[in-house]
Amino acid sequence: MKTRILSLIKDQYPGYISGEEISRILGISRTAVWKHIRKLRENGYQIESHSRVGYRLVQAPDKLYRDELTGLLDTAIIGSDIVYRETVGSTNDLAKELAQKGAADGTVIIAEEQTAGKGRMGRRWFSPAGKGLWFSVILKPEISPTDAPKLTLVTAVAVALALRGIGIPAGIKWPNDILIHGRKLAGILTEMNAEFDRVHYLIVGIGINVSLGTGILPSELSDIVTSLEEHMEGRYSRIQILASLLNNLDSLYRNFSQGQFSQILTQWKEMSVTLNRKVRIHAIGNVDEGIAFDIDEEGALLLMKEDGTLKRVLSGEVSLRS
Ligand code: BTN
182 MKTRILSLIK DQYPGYISGE EISRILGISR TAVWKHIRKL RENGYQIESH
232 SRVGYRLVQA PDKLYRDELT GLLDTAIIGS DIVYRETVGS TNDLAKELAQ
282 KGAADGTVII AEEQTAGKGR MGRRWFSPAG KGLWFSVILK PEISPTDAPK
332 LTLVTAVAVA LALRGIGIPA GIKWPNDILI HGRKLAGILT EMNAEFDRVH
382 YLIVGIGINV SLGTGILPSE LSDIVTSLEE HMEGRYSRIQ ILASLLNNLD
432 SLYRNFSQGQ FSQILTQWKE MSVTLNRKVR IHAIGNVDEG IAFDIDEEGA
482 LLLMKEDGTL KRVLSGEVSL RS
């Protein structure tokens, strides 16, 4: 009901709609209308009311509410269900729980804050309330586990395109970091549940730093991490960026499912900051150096080592050398 009242008020914007009209359209009492308006105000909606003309929306809150997001999505699979939490340990962990209980392909789990956000390599992902986009998507593609890394690349393309769409010169560092001028803006953590030859589900967790300004970011991170506000001076809307990213992901995911990975890989390569660069790759128990000269059809990085030998790298942490 709250959602329907909000949409009636929004439909009249910038005009007013009277309480009487709302109660007539929805078949509820004026007191019920008033109670729902009070609830909306508690949720951060600034709603003006004037005795003769009624209600008018002045400002929506900077929140990633499911109903707000739904209105911005133009998707077939991604966002088939949307779960919103003010605070959660990790959206990836909640996504896993929901996937175990049978959540649908494309379910999106969003939190304003994560108290135990997870990065790759067992690192912590700093995710304070309202300062970024912290969310996970449950994917259930019909693929074998060996193809799963491709979906990290697909996601990286969706993120980079959404950022480029708002004028941010985002580059992709293999496999899944989104950088601006060498500093990390966003990361992707893909987790998988699979049998030997069949993926049950993938959880693709995405973290985008939006406003981790001075005093918020731990000092040891400030040289290597950046956030959108540094590059956009407040001209961003978290929910618009999230919607555009999910819209991109939806169309890329459908293309991927129809066997069109090679086009996506081409886009990935165009936005790469890793290819043709001297890199050092840290993998478990091993470090390699060389030139990152290509990505193959499986999403593996092809490294030309300093001794002239080739190495195919499936996972690891890349640092760019000068
Ligand atoms: C990385 O180390 O680069 C990956 C970071 C991924 C962070 C996101 S935030 C939403 C989702 N939930 C988590 O706990 N982690 C991912």
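Our numbering numbers the first residue of the sequence shown as 182 and each following residue consecutively. No residue lacks a Cβ here, since even glycine has one placed at the ideal position from N, Cα and C.
By DSSP, does residue 243 sit in helix, in strand, or in coil?
Residue 243 falls in the coil class under three-state DSSP.
Segment limits, beta strand (DSSP E) that includes residue 412:
Segment 410–413 is the alpha helix (DSSP H) holding residue 412; no beta strand (DSSP E) there.
Contact between the segment 451–458 and the segment 471–480: three or more CB pairs below 8 Å?
Contact between the segment 451–458 and the segment 471–480 is established, with three or more Cβ pairs separated by less than 8 Å.
Where residue 291 falls, given that 16 or more other Cβ within 10 Å makes a residue buried:
Residue environment analysis places residue 291 among the buried positions, since at least 16 neighbouring C-beta atoms fall within 10 angstroms of its C-beta.
Where the alpha helix (DSSP H) through residue 333 begins and ends:
For residue 333, the uninterrupted alpha helix (DSSP H) segment begins and ends at 329–346.
Out of curiosity, what's the CA-to-CA distance linking residue 419 and residue 412?
Per the coordinates, the alpha-carbon of residue 419 lies some 14 Å from the alpha-carbon of residue 412.
Verify whether the separation of the beta carbon atoms of residue 409 and residue 446 is less than 8 Å.
No.
According to DSSP, is residue 388 part of a helix, a strand, or is it coil?
DSSP places residue 388 in the strand class (E or B) of the three-state scheme.
8 Å contact criterion, which residue 197 and residue 231 should meet: CB distance rounded:
7 Å between Cβ atoms; contact.
In terms of DSSP beta bridges, what is residue 382 paired with?
In the DSSP assignment, residue 382 is bridged to 374.
Does DSSP put residue 315 in a helix, a strand or coil?
The answer is strand: DSSP assigns residue 315 an E or B state.
When you compare only the Cα positions, how much space is there between residue 378 and residue 321?
Cα to Cα, the separation comes out at about 14 Å.
Rounded to a whole number of angstroms, what is the C-alpha to C-alpha distance between residue 464 and residue 266?
About 34 Å.
Out of 431, 242 and 255, point me to the one whose CA is closest to residue 227's CA.
Ranked by Cα distance from residue 227, the options 431, 242 and 255 are led by 242.
Continuous alpha helix (DSSP H) stretch holding residue 185: start and end
Residue 185 -> alpha helix (DSSP H) spans 183–193.
Would residue 263 and residue 431 be called neighbours here (beta carbons separated by less than 8 Å)?
Annotated as distal: residue 263 and residue 431, with beta-carbon spacing of 8 Å or more.
By the DSSP assignment, the beta strand (DSSP E) with residue 292 in it spans what residues?
First-last of the beta strand (DSSP E) with residue 292: 289–295.
Looking only at its own chain, which residues have a Cβ that is under 7 Å from the Cβ of residue 358, when we skip the five neighbours before and after it?
Within its own chain, the residues whose Cβ lies closer than 7 Å to the Cβ of residue 358, once the five positions on either side in sequence are excluded, are 365 and 368, listed in chain order.
Taking 7 Å as the line, does the beta carbon of residue 500 fall inside it for any heavy atom of the ligand BTN?
The answer is no for residue 500.
In three-state terms, what does DSSP make of residue 357?
Here residue 357 sits in coil by DSSP.
Quick check: the Cα distance between residue 269 and residue 479, rounded to an integer number of angstroms?
Roughly 33 Å separates the two Cα atoms.
What separation, rounded to the nearest whole angstrom, lies between the Cα atoms of residue 224 and residue 245?
C-alpha of residue 224 to C-alpha of residue 245: approximately 11 Å in a straight line.
Over what stretch of residues does the alpha helix (DSSP H) that includes residue 467 continue unbroken?
Under the DSSP assignment, residue 467 falls outside any alpha helix (DSSP H), being part of the beta strand (DSSP E) whose first and last residues are 467–476.
For residue 317 versus residue 272, is the C-beta distance shorter than 8 Å?
Against a cut-off of 8 Å, the Cβ pair of residue 272 and residue 317 comes out as a contact.
Going by DSSP, what residues sit across from residue 367 in a beta bridge?
Answer is 359 and 389.
When we look at the beta-carbon of residue 397 and count the other beta-carbons within 10 Å, is it buried (16 or more) or exposed?
Here residue 397 is exposed. Its C-beta has fewer than 16 other C-beta atoms within 10 Å.
Nearest residue (CA-CA) to residue 337, options 353, 485 and 219
Among 353, 485 and 219, the Cα nearest to that of residue 337 is on 353.
Does the distance from the C-beta atom of residue 308 to that of residue 288 stay below 8 Å?
The answer is no: Cβ separation not under 8 Å.
Is residue 374 a contact residue of the ligand BTN, with contact defined as CB to any heavy atom under 7 Å?
The answer is no for residue 374.
For the ligand BTN, which residues have a Cβ under 6 Å from at least one heavy atom, in chain order?
The filter returns 271, 272, 273, 295, 298, 299, 300, 301, 304, 306, 308, 315, 316, 317, 358, 368, 369, 370, 386, 387 and 388, in chain order.
Is residue 390 buried or exposed, if buried means 16 or more other CB atoms sit within 10 Å of its CB?
Buried is the call here.
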